[in-house]
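Notes to accompany the following structure.
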Amino acid sequence: MASETSPRPGTDARAWRHGALVGAAASVGAASATFALSGGVAALVARHVVTPSTRPGNVTVLKIEKDANSGQDLVTLPATPDTRVAGTYALRFDEGRGLARIGFVVRQTGGTVTRLVERVYSGELTVGARGWWTGTVYARPSDAGLPYEEVQIPTPLGDAPAWFVPAKGGDAARTGTWAVMVHGRGAQRAECIRGARVARRLGLHSLLLSYRNDGDAPATPDHRYGLGFTEWEDVQAGIRYALEHGATEIVLFGWSMGGAIVLRTAELTEYRDRLRALVLTGPVVDWYELLAHQTKVHRVPRRVGRMAADMISHRLGPRITGLAAPLDLHALDWLSRWEDIDTPTLILHSTDDEVVPVAGSVKLADLSPLVDFVGFTGARHTKEWNIERKRYERAIQDWLPSRLAPRR
Numbered sequence: 001m002a003s004e005t006s007p008r009p010g011t012d013a014r015a016w017r018h019g020a021l022v023g024a025a026a027s028v029g030a031a032s033a034t035f036a037l038s039g040g041v042a043a044l045v046a047r048h049v050v051t052p053s054t055r056p057g058n059v060t061v062l063k064i065e066k067d068a069n070s071g072q073d074l075v076t077l078p079a080t081p082d083t084r085v086a087g088t089y090a091l092r093f094d095e096g097r098g099l100a101r102i103g104f105v106v107r108q109t110g111g112t113v114t115r116l117v118e119r120v121y122s123g124e125l126t127v128g129a130r131g132w133w134t135g136t137v138y139a140r141p142s143d144a145g146l147p148y149e150e151v152q153i154p155t156p157l158g159d160a161p162a163w164f165v166p167a168k169g170g171d172a173a174r175t176g177t178w179a180v181m182v183h184g185r186g187a188q189r190a191e192c193i194r195g196a197r198v199a200r201r202l203g204l205h206s207l208l209l210s211y212r213n214d215g216d217a218p219a220t221p222d223h224r225y226g227l228g229f230t231e232w233e234d235v236q237a238g239i240r241y242a243l244e245h246g247a248t249e250i251v252l253f254g255w256s257m258g259g260a261i262v263l264r265t266a267e268l269t270e271y272r273d274r275l276r277a278l279v280l281t282g283p284v285v286d287w288y289e290l291l292a293h294q295t296k297v298h299r300v301p302r303r304v305g306r307m308a309a310d311m312i313s314h315r316l317g318p319r320i321t322g323l324a325a326p327l328d329l330h331a332l333d334w335l336s337r338w339e340d341i342d343t344p345t346l347i348l349h350s351t352d353d354e355v356v357p358v359a360g361s362v363k364l365a366d367l368s369p370l371v372d373f374v375g376f377t378g379a380r381h382t383k384e385w386n387i388e389r390k391r392y393e394r395a396i397q398d399w400l401p402s403r404l405a406p407r408r
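With the UniProt record's numbering, letter number 324 in the sequence shown gets 324, and the count goes up by one each step, no holes.
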């Protein structure tokens, strides 16, 4: 006897088969729609990662007042995970034309935070001004008390501006070890001033580079980031400039995507025999993990991050990303290629980095005997110097000299 749920002969059986087919088609359609939606989001992510863009003005000045005791200006801002953190930062406003260095927290009340205004480098900080929070607190090396000169680096795309900061007590011939510094995604060479301070104390000359598509250096025809896959050529040009102007050995510094660029440079440069060490802050050591992390932070399925990475790497990807050519992200995955790292490397990275997951840096240090890790807490992305300046600089001062000792 047929069960109540079984199809019955004749018309009922045909109706059941029809219903089953409709249901199956609906399921396939829903799955296809979901896949298409994921693909669309992945395309947006892939294009965003490689496209230089201006930062949104998501911080608004709510109030400006005088401190009753010091007479210095105080600024009240919305309380966010960034603006609440202790340390010294900067507010970029007026679409980036204005820059104010912001100091310690005076008070927090409800949804606002009031901090000391240490200095306004450019623009007029007024109530209602909108901008973004950044760890780049100096507009130029002289703001940090560093002597410098503007130089031009001949790159494959044309001359790119850079800053040269001489070592403390450095000789006029500029001989010795140079620190060649590489900023991160969405930043410019001013980000590197934080590293030039400690390099100068260690007796290193510093060269703070610009590179393709960063707004200072010449752009590529596609106006897209290469995530380290292409920018390393500009860093090699910087190394060449240093060697031609007195450098005998090189230390590479990199922040965020600048870390990925530095690692790629260390692998491919014709001057590998001149490299003594790498100093990386919040570096990208695996773009696949970074994209997976970002999709998780934004509550997007992990597969979307993988799809975005595949779009960047695939031969048909340029149709989506706008890149002139696909980028081989596997070549930039140092967690699987850790044995190819042959230069002593120091990584400084905050455990709560919201942009680049710290797990990759920790794992790389566990895998490679040439990689050392120093962790920070509460700094968020590439603001380790901002929250603990003395500890950050001391970590470099303690680690680097032994790597620069005379070779046997």
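Just so you know, even glycine gets a beta-carbon here, dropped at the ideal spot from N, CA and C.
Using the beta-carbon count (16 or more within 10 Å), is residue i buried or exposed?
i           : result
Leu91       : buried
Ala405      : exposed
His48       : exposed
Glu384      : buried
Lys390      : exposed
Glu4        : Reliability fails at Glu4, whose pLDDT of 38 lies under 50, so the model's placement of it is uncertain and no value is given.
Thr269      : buried
Ala173      : exposed
Gly145      : exposed
Gly282      : buried
Ala36       : Unreliable placement is indicated for Ala36, whose pLDDT of 48 sits below 50; the coordinate value is still reported in the next sentence. Exposed, by the Cβ-count rule.
Val127      : exposed
Gly360      : buried
Gly259      : buried
residue 426 : What the structure shows of the chain is the stretch from 1 to 408, and residue 426 is not part of that stretch, so it cannot be assessed.
Thr343      : buried
Within a Cβ cutoff of 7 Å, which residues of the same chain sit near residue i, ignoring the five residues on either side of it in sequence?
i      : result
Ala395 : Leu348 and Val374
Ala219 : Arg212 and Asn213
Glu339 : none
Asp159 : Gln152 and Ile153
Glu231 : Tyr211, Arg212 and Ile261
Val41  : Val300 and Val304
Val198 : Glu393, Ile396 and Gln397
Asp73  : Ile64, Lys66 and Val117
How close, in whole Å, do the beta carbons of residue i and residue j come, if the pair is a contact with beta carbons under 8 Å?
i           : j      : result
Leu280      : Leu370 : Not quite, the Cβ-Cβ distance comes to about 12 Å (not below 8 Å), so this is no contact.
Ala86       : Tyr138 : Wrong, their Cβ atoms sit about 19 Å apart, outside the cutoff.
Leu275      : Leu252 : 7 Å
Glu149      : Pro161 : Contact doesn't hold; Cβ gap of about 11 Å is too wide.
Leu208      : Val165 : 7 Å
Phe229      : Ala331 : 7 Å
residue 420 : Leu329 : For residue 420 there is no data in the structure shown, the boundaries of the chain being 1 and 408.
Leu62       : Leu44  : Not a contact, Cβ separation roughly 32 Å.
Val59       : Arg119 : Wrong, their Cβ atoms sit about 18 Å apart, outside the cutoff.
Arg200      : Ala167 : 6 Å
Asp143      : Tyr121 : 6 Å
Ala46       : Ile320 : 6 Å
Could you tell me whether the Cβ atoms of residue i and residue j are closer together than 7 Å?
i      : j      : result
Trp255 : His183 : yes
Val180 : Ile239 : yes
Trp132 : Asp82  : no
Gly322 : Arg224 : yes
Lys296 : Leu335 : no
Val113 : Arg84  : yes
Gly123 : Tyr89  : no
Val284 : Met257 : yes
Glu249 : Thr175 : no
Gly111 : Ala79  : yes
Pro141 : Trp163 : yes
Asp286 : Asp353 : no
Among residues of its own chain, excluding the 5 on either side of residue i, which ones have a beta-carbon nearer than 6 Å to its beta-carbon?
i      : result
Thr351 : Val358, Gly375 and Thr377
Val355 : His381
Gly317 : Met311 and Pro326
Ile341 : Ser368 and Leu370
Tyr271 : Ile239
Ala324 : Asp222
Arg194 : Trp385
Between which two residues does the beta strand (DSSP E) containing residue i stretch?
i      : result
Lys63  : Lys63 to Lys66
Thr109 : Gly98 to Thr109
Tyr121 : Thr112 to Ser122
Ile153 : Glu149 to Thr155
Asp159 : Gly158 to Val165
To which residues of the same chain is residue i closer than 8 Å at the C-beta, ignoring the five residues directly before and after it?
i      : result
Ala237 : Ile153, Pro154, Thr155, Pro156 and Ala160
Leu400 : Leu202, Val251, Ala277, Val279 and Leu346
Gly103 : Thr88, Arg115, Leu116, Val117 and Glu118
Gln108 : Ala79, Arg84 and Thr114
Need the endpoints of the alpha helix (DSSP H) that residue i sits in, please.
i           : result
Gln72       : Element bounds for Gln72: n/a, residue is neither H nor E.
Trp287      : Trp287 to Val297
Leu332      : Where Leu332 is concerned, there is no enclosing alpha helix (DSSP H), given that its DSSP letter is neither H nor E.
residue 409 : Any property of residue 409 remains undetermined from this structure, which presents the chain solely from 1 to 408.
Tyr241      : Trp232 to Glu244
Thr265      : Met257 to Leu268
Tyr392      : Arg389 to Arg403
Val198      : Ile193 to Arg201
Contact criterion: CB-CB distance below 7 Å. Does residue i meet it with respect to chain B?
i      : result
Tyr138 : The structure shown has no chain B; it contains just one protein chain.
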